[in-house]
Every structure is written in structure tokens, then in C-alpha cells.
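**Student:**
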Amino acid sequence: MLNKKSVDDINVKGQKVLVRCDFNVPLKEGRITDENRLVAALPTIKKLIADGGKVILCSHLGKPKGEAKPELSLAPVAVRLSELLGQEVKFAADPEVVGPNAKAAVEEMKDGEVVLLENTRYRKEETKNGEEFSKDLASLADVFVNDAFGTAHRAHCSNVGVTQYVETSVVGYLMQKEIDFLGNAVNNPERPFVAILGGAKVADKLNVISNLLEKCDTLIIGGGMAYTFQKAKGLEVGTSLVDDTKIDYCREMMEKAEKLGKKLLLPVDTTIVKEFPTPIDAHIEVTSVDADAIPADMMGLDIGPKTAELYAEAVKTAKTVVWNGPMGVFENPILAKGTIAVAKALADTEATTIIGGGDSAAAVNQLGFGDKMSHISTGGGASLEFLEGKELPGVAAANDK
Ligand code: AMP
Numbered sequence: 001m002l003n004k005k006s007v008d009d010i011n012v013k014g015q016k017v018l019v020r021c022d023f024n025v026p027l028k029e030g031r032i033t034d035e036n037r038l039v040a041a042l043p044t045i046k047k048l049i050a051d052g053g054k055v056i057l058c059s060h061l062g063k064p065k066g067e068a069k070p071e072l073s074l075a076p077v078a079v080r081l082s083e084l085l086g087q088e089v090k091f092a093a094d095p096e097v098v099g100p101n102a103k104a105a106v107e108e109m110k111d112g113e114v115v116l117l118e119n120t121r122y123r124k125e126e127t128k129n130g131e132e133f134s135k136d137l138a139s140l141a142d143v144f145v146n147d148a149f150g151t152a153h154r155a156h157c158s159n160v161g162v163t164q165y166v167e168t169s170v171v172g173y174l175m176q177k178e179i180d181f182l183g184n185a186v187n188n189p190e191r192p193f194v195a196i197l198g199g200a201k202v203a204d205k206l207n208v209i210s211n212l213l214e215k216c217d218t219l220i221i222g223g224g225m226a227y228t229f230q231k232a233k234g235l236e237v238g239t240s241l242v243d244d245t246k247i248d249y250c251r252e253m254m255e256k257a258e259k260l261g262k263k264l265l266l267p268v269d270t271t272i273v274k275e276f277p278t279p280i281d282a283h284i285e286v287t288s289v290d291a292d293a294i295p296a297d298m299m300g301l302d303i304g305p306k307t308a309e310l311y312a313e314a315v316k317t318a319k320t321v322v323w324n325g326p327m328g329v330f331e332n333p334i335l336a337k338g339t340i341a342v343a344k345a346l347a348d349t350e351a352t353t354i355i356g357g358g359d360s361a362a363a364v365n366q367l368g369f370g371d372k373m374s375h376i377s378t379g380g381g382a383s384l385e386f387l388e389g390k391e392l393p394g395v396a397a398a399n400d401k
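Position 268 (the sequence shown) corresponds to 268 in my numbering; numbering is contiguous.
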């Protein structure tokens, strides 16, 4: 259990409460195309409204890199949040985030009202955890609540710096839920515990592989990562994505699995194509991964059907499953079969299923399996760092219980 003070441990009646949310939603021509992160933020916001707080929301959106880029304004979020909450969310449109509009809006607030500040990354100090912007944010608030799991692995002004200048800093319900689900899965799992890792590169997941091997019973590897493991086993991988600098590392991990008595599952067959990126009607073949089965001029871009079956069987035996990263180039429907098969296996099991954000979360939601999972993390990078066993600065900065 998370040993941090939460919104349940404070009384916010009449207080100005600055809430760091993760409103980093995808936008297309000013329209929000996926509002999961807004919906996920509602429980904390509603609780603070109900308790009579003056609720000042803030978040980053995209990467404006210290400039007030109008296409990355949080204005559309204020509109949609007003609808979702059933009450006005007043938008404070200041290019410097904490400017005359924000100050005046906060000054006028009555208990239970909500204001949204402009994109925190309009300020260049934000991502450097600079003092001035941290103080500006803190000057608006009596209490700070961090509910932005998606940025918890970063130390920025709006989630870490600000806590130095506000007496009370607590976590919100979303943050608590994320840490409870991921923490229980990793540190206190109901066994067998199966972890599934995919995605492009081994290098991005070195510490995750190593840490999860220690915690899980079975580690499944798919996606582009798998071919460096195959090469480490002495297999021919054609032109598949391989990181030659990580071959020794993969060998080490296979030895580690053996030493610890853990199962490490790798693909037994793969879907291969000639070129990348591949058009939707490209010619694909399925081959085993044995010896020289993958031709020298072809690359593996998805797990094959036998592998999908093998992985689904492993999921069936599990009581806890954590999944991060697609099994292939799932953006192309002809290379999405492996990812779909794994998503379906997770949807069909009674086990606790946790999706570690990012591409796997998008895949699960797109396939309509979202409500079949126990928990879909709102933070890809943050959940990966958590799975590495790292302490997240955004969580560490909150007051201990
Ligand atoms: P990541 O951000 O590391 O989780 O990687 C996700 C990306 O990995 C997706 O965009 C996939 O298209 C890509 N990917 C998955 N499998 C492969 C593969 N076999 N070869 C190249 N890229 C892959």
C-alpha cells in the first residue's frame, strides 16, 4: 500500500487546492480524440468540489517547449471537463500560466468552483523544475494534490518543485489507484504472475526485464525486442530489428531466468515481410524462428500464430498479468494479429490484468477490451519506471502518512 497522504487525509473546505492532473490528451484540430485521462481525473476533482475546496487544476499538454503555442492550449480541455463535471470549469488563459487572468480567477473563486490553468509547459522552467515557476504555482494554493501519474516519473515544477513551497502535498485517487495496482502486482502478486513485454527496443526496457524476472513466474517477450534475444540464442533473424550492443545483455537475462527457475518465453514463429513500413496489402509469410528459417532479406514484424497460442496458454494459467508493449507493428492491421491475440487472452481471463499504458493501452481500448481489464494505466513511461522498481519523484514528493 502507498504510504502517502491522500485527498482522504485532508480537509479542503474553503482552501485553495492546486491539483496537478494529467490532461495530456490527443487532440485533432482542437478536438479531443481520447478522453480517458479526463475521465480518470474526475473522482479526485469531484471529491474536492464536494468537500468545498476551491479547485485549481493544472496540467501539461504535448511539448510546447516553453512557448505559448495556441494549438497546445488546454482551452478545449476546460470545455469538455465542464461537460463531464456538469459545472463550469473557468479557463485562465495566461501565456505565462500564472499571470493576471489566473490570479484574478483564483481571487474570485467561491468554495466548490473550478479553474483550469494554461498548459504548464508554456513555461520553459517547467521541465527543469525551476524555482520561479514552482513558486508562482505555489502562490495560488494552500494545498497541493498530485493526481498526474503519467508524469510522476519526471521531476517538474508542477509536480515536484511546487511541493517545496506548499505546506501540504498529497496524492489524488488516480495516483493512489495506479500505485496500488502496479505495486500489488509487482510486490505482492497473486501467483502465478505472468509479465508480458513487447515494443520496439530492448534498450528501452533493460531494467524492466531484469526487475520483472525477479518478481514474476513467467516472463513473455514479444515485439521487436524478441529478435535481439533470438540472435543471442544464435538464431538467424534476417533484417529484423536487432540491437547488437544488447546481445550479451539478453544472454545474461536468459541465464538469470534459468538460475532463478523462471520461465522466459520467446516467440517460436514469426510473421515476416520484405520491407518496413509495410503497406496494408503487403505480402506476409509466417515462419518458425528455428535456425535459418527467417530468410536473410526478410524481417519479423509480428509474432506468429503458434507463439500467440503459446502466450495465450501462459496467460490462462496466470492469476496476475502485467502487459507492456505490443507484440508486433500493430499499427498495421496485417501485423496486429499477435497483439490482438494477447489482448484477447487478457480479456478472457479471470486473473488480475494490468495494462502498462502507452501502446498496449491504446491497443486494448481500440479493440474494445478496455472494460475487461482490471486496470489500464494512464502512464506509459511512469508505469515502466515503476516496473523497473524505481521510486517515482512525483510520488516521493507527497507528504508521508
Ligand atoms: P514501445 O514504444 O517500445 O512500446 O514500442 C512500440 C512500437 O514498437 C510500436 O510502434 C510498434 O510498431 C513497434 N514494434 C513492435 N514490434 C516490432 C517489430 N517486430 N519490429 C519493429 N517495430 C516493432
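Note that CB positions come from ideal geometry on N, CA and C, so glycine has one too.
Below 8 Å on the Cβ atoms is my contact criterion, and I expect Leu-320 with Ala-351 to pass it. Report the Cβ-Cβ distance as a whole number of Å.
**Tutor:** Here residue 320 turns out to be Thr, not Leu, going by the sequence shown. Yes, Thr-320 and Ala-351 are in contact; Cβ-Cβ is about 6 Å, under 8 Å.
**Student:** Compute the distance between the beta-carbons of Val-289 and Thr-271, then report whether it is under 8 Å.
**Tutor:** Contact flag unset, no.
**Student:** Note the first and the last residue of the continuous beta strand (DSSP E) segment covering Ala-92.
**Tutor:** Here the beta strand (DSSP E) through Ala-92 covers 89 to 92.
**Student:** Residue range of the beta strand (DSSP E) that Cys-58 falls in?
**Tutor:** Here the beta strand (DSSP E) through Cys-58 covers 54 to 58.
**Student:** Which of the three DSSP states, helix, strand or coil, is assigned to Lys-4?
**Tutor:** In this structure, Lys-4 counts as strand in the three-state DSSP scheme.
**Student:** Can you name the start and end residues of the alpha helix (DSSP H) that Glu-275 belongs to?
**Tutor:** It is not in any alpha helix (DSSP H) - Glu-275 carries neither H nor E in the DSSP assignment.
**Student:** Out of Ser-73, Lys-47, Lys-63, which one is the CA nearest neighbour of Arg-31?
**Tutor:** The residue with the shortest Cα to Cα distance from Arg-31 is Ser-73.
**Student:** Of the residues Gly-99, Leu-266, Arg-123, which one's Cα is nearest the Cα of Gly-62?
**Tutor:** Comparing Cα positions, the closest option is Arg-123.
**Student:** Counting pairs of Cβ atoms below 8 Å between the region 36 to 45 and the region 97 to 104, do you hit three or more?
**Tutor:** Result no; under three Cβ-Cβ pairs closer than 8 Å.
**Student:** Skipping 5 residues on each side, what residues in its chain have a beta carbon closer than 6 Å to that of Ala-152?
**Tutor:** Excluding positions up to five away in sequence, the list reads Ala-382, Leu-392, Gly-394, Val-395.
**Student:** Examine the ligand AMP and report whether any of its heavy atoms sits within less than 7 Å of the Cβ of Val-329.
**Tutor:** Because some heavy atom of the ligand AMP lies under 7 Å away, the Cβ of Val-329 counts as near it: yes.
**Student:** So Phe-229 and Cys-250 are in contact, right, with Cβ under 8 Å, and what is the actual spacing, rounded?
**Tutor:** Between Cys-250 and Phe-229 the Cβ distance is about 5 Å, and since that is below 8 Å, they are a contact.
**Student:** Can you round the beta-carbon distance between Lys-16 and Ile-49 to whole angstroms, since I take them to be within the 8 Å contact cut?
**Tutor:** Actually they do not touch by this definition, with Cβ atoms about 13 Å apart.
**Student:** Tell me where the beta strand (DSSP E) around Gly-300 begins and ends.
**Tutor:** Run containing Gly-300: 299 to 303, per the beta strand (DSSP E) assignment.
**Student:** Given the structure, does Pro-326 come close to the ligand AMP, in the sense that its CB is under 7 Å from one of the ligand's heavy atoms?
**Tutor:** Yes, since a heavy atom of the ligand AMP falls inside the 7 Å radius drawn around the Cβ of Pro-326.
**Student:** Going residue by residue through the region 301 to 363, where are the continuous beta strand (DSSP E) segments of at least 3 residues, counting only ones entirely within it?
**Tutor:** Within the region 301 to 363, the complete beta strand (DSSP E) runs of at least 3 residues are 320 to 324, 352 to 355.
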